[in-house]
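Those protein sequence lines, which keep their order, are chains A and B.
For reference, each letter of the first sequence is one residue, going 1 to 114 in this note's numbering.
For reference, each letter of the second sequence is one residue, going 1001 to 1118 in this note's numbering.
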Amino acid sequence: KAGVTQTPRYLIKTRGQQVTLSCSPISGHRSVSWYQQTPGQGLQFLFEYFSETQRNKGNFPGRFSGRQFSNSRSEMNVSTLELGDSALYLCASSLRTGMNTEAFFGQGTRLTVV
Amino acid sequence: AQKITQTQPGMFVQEKEAVTLDCTYDTSDQSYGLFWYKQPSSGEMIFLIYQGSYDEQNATEGRYSLNFQKARKSANLVISASQLGDSAMYFCAMREGLLNQAGTALIFGKGTTLSVSS
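(1) At a Cβ threshold of 9 Å, is Phe69(A) touching chain B?
(2) Evaluate Ser1042(B) with the Cβ neighbour count: other Cβ atoms within 10 Å of its Cβ, from every protein chain shown; 16 or more gives buried, anything less gives exposed.
(3) Taking the runs of the alpha helix (DSSP H) that are 4 residues or longer, which of them lie wholly in the segment 1021–1106 of chain B?
(4) Check each candidate in Arg30(A), Leu95(A), Lys57(A), Thr53(A) and name the one with the smallest Cα separation from Gln44(A).
(5) Once DSSP output is grouped into helix, strand and coil, what is the label at Leu81(A)?
(6) Under 9 Å between the Cβ atoms of Tyr1050(B) and Asn59(A)?
(7) Ser1082(B) and Val1116(B): beta carbons closer than 9 Å?
(8) Gly1111(B) and Tyr1090(B) look like a contact to me (Cβ under 8 Å); what is the Cβ gap, rounded to whole Å?
(9) Leaving out five residues before and five after Thr20(A) in sequence, what residues of the same chain have Cβ atoms less than 6 Å from its Cβ?
(10) DSSP state of Gln1002(B), grouped into three classes?
(11) Residues in its own chain within less than 6 Å of Val1013(B) by CB, not counting five upstream and five downstream?
(12) Kindly list the residues whose CB is nearer than 7 Å to the CB of Glu1096(B), restricted to its own chain and excluding five residues on each side of it in sequence; keep chain order.
(13) So Ile12(A) is in the beta strand (DSSP E); what residue range does that whole segment cover?
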């Protein structure tokens, strides 16, 4: 069965622009989480969606937003890009929410802000 | 304070040797889950193994085992018989919260780079 698909894989944007990243979870999975990975800060949680509802949000400014559609696909949007937003953005898909639920990750979208 | 601490930035091992990657965690919750992920240079995070805080046995998955010492709050990953393909970054992660409660984030450590040589 297909894994988690993130598009695009690579993106170059200019400061001040906005960007939308997409994540298609594993078929049947209803929970999607987003993480930002940078060399300095490591992996940081952005937000989690389950059945189109945001369940949890990390400590990121309001420029970072997301949503989940009825087919469980999710998008995250970053507005007014800053150089520090350059990172690998990873999406994780889970069958359900919960402490012991395994998360399956996509290959990520590598965003470069110039 | 850091929730997940991985003190080894890099580890070097020869093929067929066993290696232990250290992970200590900090939580006041009684219920939590501990995960290990592997990240090759391609970027994808690959799930390796899971240990629940109430699990009495150490988790094992093929060549991977988790040495869970609850009193010491450590969850070390042991890879037996290392292979060249094991070269990657390894992350320890934790989910806090009551079992099956909705919506909890994974908290990751900084990672350990493992290099396996022939």
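Ideal Cβ placement from N, Cα and C applies to all residues, glycine included.
The answer reads as follows:
(1) no
(2) It counts as exposed.
(3) As for any alpha helix (DSSP H) of minimum length 4 sitting wholly inside the segment 1021–1106 of chain B, there is none.
(4) Lys57(A)
(5) coil
(6) Going by C-beta atoms, Tyr1050(B) is not nearer than 9 Å to Asn59(A).
(7) yes
(8) 6 Å
(9) Glu75, Asn77
(10) coil
(11) Counting only Cβ-Cβ distances below 6 Å, and skipping sequence neighbours, we find Val1019, Ser1082, Val1116.
(12) Thr1027, Asp1029, Tyr1032, Thr1104
(13) 10–13
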